[in-house]
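Residue numbers (the UniProt record's numbering), protein chains in the order written: chain A, 1 to 334; chain B, 1 to 334; chain C, 1 to 334; chain D, 1 to 334.
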């Protein structure tokens with residue numbers, strides 16, 4: 001019984017999701033590739049052998065031959081498309097962010113709760129990355145003692161465009177760190193403080209944030225979107241008895257010209273290919289069984305990430321430690 | 001058009017291949033699981049949702065609803081089953097070794113050549129491992145200059161049984177090293193020398209081998225089947241201008257109790273899971289297109305590994321450098 | 001012409017300085033070991049073959065057969081003993097801190113300026129550590145582009161006593177980080193923010209600080225005095241074009257019991273033995289030549305460290321970003 | 001009571017020894033720098049503040065104001081100068097090799113035994129290197145179980161001249177590996193086998209050797225004098241229960257241009273600076289106390305290294321495993 005999946009959005013992320021469905025999800029079928037730009041949809045669909053293409057996401061969600069939906073369209077459409085899926089009673093995996101607006105995330109949560117069924121998975125794929133899995137396992141096994149801090153550094157080679165701002169670093173890049181630290185620590189955020197160093201040019205400088213959780217832990221984040229040297233994500237979880245750090249995933253090292261070296265990727269795709277694959281497989285199991293995957297991100301997690309990002313933008317502007325004022329967690333998401 | 005694959009042999013290796021076909025090969029279908037022990041076949045088949053089970057490999061190979069075969073039965077049956085597949089005109093991926101006997105390998109080659117078509121892929125999955133891919137790429141890109149040597153160390157925790165011998169280390173474990181070094185260097189072996197240190201107990205001691213290729217390169221191999229500390233494979237390719245080394249694949253490191261540590265696996269499965277997956281995908285493409293995969297091992301490669309293993313056993317006995325007397329490479333395998 | 005050095009204080013640090021003078025400073029002579037506890041002074045002096053012992057530091061400083069002084073007595077005495085050395089016209093290397101009070105540091109600076117001669121070296125030995133030397137060199141050579149940030153993590157196994165506080169972490173441990181980051185970046189501090197996570201016991205929790213320099217750089221410091229797992233210092237200097245990180249200094253790695261591991265020291269002595277040696281050699285050259293060592297810390301640096309520590313204690317209490325209000329750098333220390 | 005040391009030979013090695021005596025050996029005095037080339041002797045002596053210079057080594061050894069001698073003159077003079085020191089009753093540290101001829105080494109041993117006193121230390125400084133100290137300690141502590149093998153790789157950037165041969169690699173470079181493996185394993189060599197790959201140019205190719213000890217252990221050595229990429233020494237000691245590997249001594253790592261890299265030195269001096277310092281301090285203690293240093297190399301060790309090198313040259317020529325025929329160890333060297 002094949003699960004027929006529609007992918008909405010045929011940009012970089014959408015095409016990647018479509019490829020995973022087509023090539024890496026036995027039991028799934030790439031039923032529809034949908035994009036406002038019909039030619040782009042057809043390009044992806046042809047390469048991957050999709051059954052059909054479309055340009056109207058609402059119609060796609062309604063189709064009888066679509067069992068589940070992956071939303072990878074522009075961010076501003078995520079919440080409404082997720083709500084459409086909920087109303088159609090179809091499981092949806094929505095790329096991050098669920099919305100840039102925490103209020104919109106609350107709307108998704110309300111719709112999902114009203115439906116009475118868990119239907120929304122949010123694409124925080126880091127939770128499926130083996131490094132974080134091992135960090136969380138070390139904590140759960142008690143090797144580290146109680147968790148005290150996380151250090152999470154995220155570095156891109158360069159921003160896609162020159163008018164990228166510190167606020168965008170917080171709303172676009174940092175949510176991965178916000179989410180995975182919450183996930184590993186099993187805690188919510190209570191406050192956030194943020195600052196930026198000064199660059200010599202007009203590109204966006206790194207943003208350094210220190211968050212406090214409701215459990216009293218600190219999360220120290222650096223988002224460096226113009227790190228120049230490579231795509232590099234680091235993480236460390238510090239406990240009272242020990243510490244566990246992400247190791248760079250390498251397959252070889254080169255000795256040459258008085259140097260021993262390993263390569264950085266220029267973007268995230270190689271680093272997280274397996275995490276995306278695992279995440280999408282978890283989504284497929286979710287569709288098949290109706291049981292929400294243990295470690296996947298829910299609409300609640302999407303809301304938490306959006307709210308802390310909003311608060312972080314404010315903290316960066318004020319220079320003060322700003323409280324993160326979350327609603328209580330609905331029992332539905334317990 | 002789904003490719004229907006039969007897996008012959010439902011032991012550890014066969015079950016693993018069956019799992020890859022069932023779960024990691026979109027476009028393939030696990031049609032038959034065959035084992036002399038019908039209960040074992042049924043156990044694997046049920047877990048993975050195979051279409052059918054069987055106990056007679058010859059009959060399986062002949063079935064109309066089987067398009068291709070993976071042979072993972074006991075080593076002694078590999079050559080004859082491969083020949084049966086050839087005669088049935090069906091592509092076969094035969095687990096290593098193609099045969100422990102180089103003469104038997106020649107028989108497979110003769111059958112394959114007589115068929116006029118490439119049908120036999122041999123399961124030297126190391127060629128698909130990212131570390132060797134990067135080592136070979138560094139060589140091909142010219143970063144290393146001309147290749148001079150390889151160092152290949154293979155270490156298991158312990159031999160499965162106490163009567164494992166040095167000769168078995170050469171015929172059972174070393175072929176992976178023989179093959180991947182040939183593959184990376186693009187050369188054949190001209191001679192082999194071998195020795196063993198003395199252990200304090202009656203378990204098999206490591207075997208150290210130094211091989212010379214027809215291109216004048218040296219290949220330095222350690223097979224240590226009772227290394228105790230972990231499953232560990234190392235490799236280095238030394239060229240005239242530089243060197244490239246396999247890096248251990250890690251995802252985290254632990255700080256605890258005055259120690260910074262990473263874990264070894266107890267066996268090979270985690271280390272080579274992705275290589276097996278890639279290999280089997282290459283086999284599927286081979287079945288679909290009829291084009292033998294560029295980097296996969298052929299019957300010729302199976303023959304080369306068997307012959308050098310036979311010669312290595314002799315070298316270990318004599319203590320002398322023994323010539324490896326290969327037949328000329330048939331044009332069919334060029 | 002041997003330089004006759006008196007070491008004041010025969011505790012752990014004083015004994016270590018005495019040992020370096022006696023065994024690792026050709027051209028220097030361990031003339032006097034002075035301690036309030038005469039027996040302790042004699043114990044150290046005998047082991048190392050010192051010429052004499054004493055219990056009165058003022059008298060020692062005045063002795064004709066003492067050319068230079070190393071002050072390693074209790075912290076509260078550092079400033080006054082340094083001033084005594086200045087008044088006696090004798091070069092002094094004062095262990096950190098010059099004083100816990102920035103006002104006292106200003107008094108030392110005034111005395112030194114009044115003397116018209118550079119006489120005071122402060123024992124921030126990290127500046128001589130090869131890792132920081134390489135980090136600074138990478139910056140100076142332009143490989144990194146303009147400096148943006150430093151991450152400095154300092155971890156001890158455990159505090160010496162249970163009533164160690166966060167404020168003490170800032171005044172006792174952090175000054176090494178404050179100083180070496182100022183030194184590497186070549187900048188002063190403009191502000192500091194600080195926070196602590198919550199521990200499950202009553203031991204002091206880590207302190208996380210983010211400082212801004214007058215050059216707009218951020219310095220991110222973790223002082224973790226109860227890290228449990230080992231003595232571990234980490235550092236990273238992030239520039240606009242690249243980044244340079246401290247590497248742990250290792251000599252071997254062990255494979256054993258499914259683990260690859262290296263050892264942490266339980267305290268700082270092994271890690272910084274060479275830095276202390278280099279620092280004391282620089283002090284000897286200073287005594288011999290009268291020329292203040294390029295990279296050594298001066299009374300000005302001692303003042304800067306004390307002032308930022310004082311401000312950090314305030315920041316930890318208020319939870320706000322607190323301005324660091326330094327006096328202008330006197331031309332004397334340019 | 002200062003020990004007055006004469007250094008014979010003012011080339012690279014001699015100048016380095018003279019510098020260590022002058023700057024790093026409190027308790028020692030650089031009394032004479034002697035070189036056939038008087039100007040060269042004076043150059044080194046002036047830089048380091050030596051008391052005197054000379055051109056006649058025999059006369060230097062006889063001087064009343066010389067307590068001990070370091071021989072760093074051309075290799076062919078080592079044995080005779082060591083014998084002169086023995087006859088003068090003066091402790092000598094002779095740079096490696098004691099002689100290229102095992103017979104000459106026997107002559108030194110005979111002279112030393114005839115003197116009735118241990119007087120000769122041979123400059124195999126690797127024994128004092130922290131990596132080997134830790135490898136030997138791991139073995140002695142029982143962590144590794146019984147030793148089975150060592151892998152020792154030695155790589156230089158390039159040979160000093162183009163007519164360097166494989167035989168020279170064995171006699172000039174390999175003795176460090178021969179000696180340190182004997183030292184770590186605590187065993188003598190029983191046989192040696194050697195081979196070389198083919199290079200594309202006329203520079204000397206690496207030499208690969210496999211030696212067997214009298215304890216049944218294997219020692220696998222690669223001497224690669226034209227490794228091009230850097231000065232790099234690797235070592236691993238494999239035991240029945242685990243393995244310990246030399247770690248490269250690094251102080252920082254650079255992230256830049258899609259690469260994470262560390263630097264190799266172009267020659268051995270940085271890598272072994274501390275080992276030379278420790279070795280020469282051990283020699284000074286030896287002179288002061290008359291007690292031969294526990295881990296230092298003796299004339300017996302010099303003989304062993306020379307004999308195995310001679311046998312290795314033969315093995316490389318014959319292609320056979322050649323027996324190493326040592327005399328019995330005299331009780332004098334027990």
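Heads up, the beta-carbon is just placed ideally off N, CA and C, and yes, glycines get one too.
{"Item": "Since I believe residue 70 (chain C) is in contact with residue 7 (chain C) (beta carbons under 8 Å), could you give me their beta-carbon distance rounded to a whole number of angstroms?", "Value": "5 Å"}
{"Item": "Along the segment 251-268 of chain C, where does the CB come closer than 7 Å to a CB of chain B? Name the residues.", "Value": "255, 256, 257, 258, 259, 260, 261, 262, 263, 264 and 266"}
{"Item": "Is it true that the CB of residue 158 (chain C) sits closer than 8 Å to the CB of residue 228 (chain C)?", "Value": "yes"}
{"Item": "Please return the same chain residues whose Cβ sits closer than 7 Å to the Cβ of residue 100 (chain D), not counting the five positions on each side in sequence.", "Value": "75, 171 and 306"}
{"Item": "Apart from the five residues on each side of it in sequence, which residues of its chain come closer than 6 Å, Cβ to Cβ, to residue 224 (chain A)?", "Value": "155 and 206"}
{"Item": "Check this for me: beta carbons of residue 130 (chain A) and residue 251 (chain B), under 8 Å apart or not?", "Value": "yes"}
{"Item": "How would you label residue 173 (chain A), buried or exposed, when you count the other beta carbons within 10 angstroms and need 16 or more for buried?", "Value": "buried"}
{"Item": "Quick one: measure Cβ to Cβ for residue 243 (chain D) and residue 247 (chain C), integer angstroms, because I've assumed they're closer than 8 Å.", "Value": "Rounded, the Cβ-Cβ distance is 22 Å, inconsistent with contact."}
{"Item": "Going by alpha carbons, who is nearest to residue 28 (chain D) out of C:32, C:22, C:31 and C:33?", "Value": "C:22"}
{"Item": "From what residue to what residue does the beta strand (DSSP E) around residue 154 (chain B) run?", "Value": "147-155"}
{"Item": "Can you give, in chain order, each stretch of the beta strand (DSSP E) that sits fully within the segment 64-106 of chain D and has at least 3 residues?", "Value": "68-71 and 92-94"}
{"Item": "Which residue's Cα is closest to the Cα of residue 117 (chain C): C:280, C:168, C:105 and C:292?", "Value": "C:292"}
{"Item": "Which residues of chain C have a Cβ atom closer than 9 Å to the Cβ of residue 303 (chain A), listed in chain order?", "Value": "The contacting residues do not exist; residue 303 (chain A) stays about 24 Å from chain C at best."}
{"Item": "So what's residue 31 (chain A) in DSSP terms, helix, strand or just coil?", "Value": "strand"}
{"Item": "Bridge partners of residue 4 (chain C), per DSSP?", "Value": "C:29"}
{"Item": "For the candidate residues B:20, B:84 and B:9, whose alpha-carbon lies nearest to that of residue 53 (chain B)?", "Value": "B:9"}
{"Item": "So which of C:176, C:233, C:64 and C:168 has the shortest CA-CA distance to residue 314 (chain C)?", "Value": "C:168"}
{"Item": "Who does residue 125 (chain A) pair with in a DSSP beta bridge?", "Value": "Answer is none; residue 125 (chain A) lacks a bridge partner."}
{"Item": "Residue 189 (chain D) lies in the beta strand (DSSP E); which residues open and close that run?", "Value": "189-195"}
{"Item": "Round the Cβ separation of residue 215 (chain A) and residue 185 (chain A) to the nearest angstrom and send it over; I've been treating them as touching at under 8 Å.", "Value": "7 Å"}
{"Item": "Determine the DSSP secondary structure at residue 219 (chain A), reduced to helix, strand or coil.", "Value": "strand"}
{"Item": "For residue 26 (chain A), decide whether its Cβ has a neighbour in chain B, counting only Cβ atoms nearer than 8 Å.", "Value": "yes"}
{"Item": "Tell whether a beta-carbon distance below 8 Å holds between residue 295 (chain C) and residue 127 (chain C).", "Value": "yes"}
{"Item": "Relative to the C-alpha of residue 148 (chain D), which residue among B:106, B:333 and B:197 is closest?", "Value": "B:197"}
{"Item": "Excluding sequence positions up to five away, which residues of its chain have a Cβ less than 6 Å from the Cβ of residue 33 (chain C)?", "Value": "7, 10, 18, 41, 44, 45, 50 and 53"}
{"Item": "Count the other CB atoms within 10 Å of the CB of residue 72 (chain B); is the residue buried (16 or more) or exposed (fewer)?", "Value": "buried"}
{"Item": "Closer than 8 Å, Cβ to any Cβ of chain B: which residues of the segment 224-242 of chain A, in chain order?", "Value": "241 and 242"}
{"Item": "Opposite residue 207 (chain D) in the DSSP bridges: which residues?", "Value": "D:223"}
{"Item": "List the residues that DSSP assigns as beta-bridge partners of residue 260 (chain D).", "Value": "A:262 and D:255"}
{"Item": "Using a Cβ-Cβ cut-off of 8 Å, state whether residue 198 (chain D) counts as contacting chain B.", "Value": "yes"}
{"Item": "Look up residue 244 (chain A) in the DSSP assignment and give the residues it is bridged to.", "Value": "A:237 and B:254"}
{"Item": "Is DSSP giving residue 52 (chain A) helix, strand or coil here?", "Value": "strand"}
{"Item": "Mind checking which residues open and close the alpha helix (DSSP H) that includes residue 59 (chain B)?", "Value": "57-62"}
{"Item": "Taking the alpha-carbon positions, what's the residue 95 (chain B) to residue 175 (chain B) distance?", "Value": "12 Å"}
{"Item": "For residue 333 (chain D), which residues of its own chain have a beta-carbon under 8 Å away from its beta-carbon, when the five flanking residues on both sides are left out?", "Value": "109, 298, 299 and 300"}
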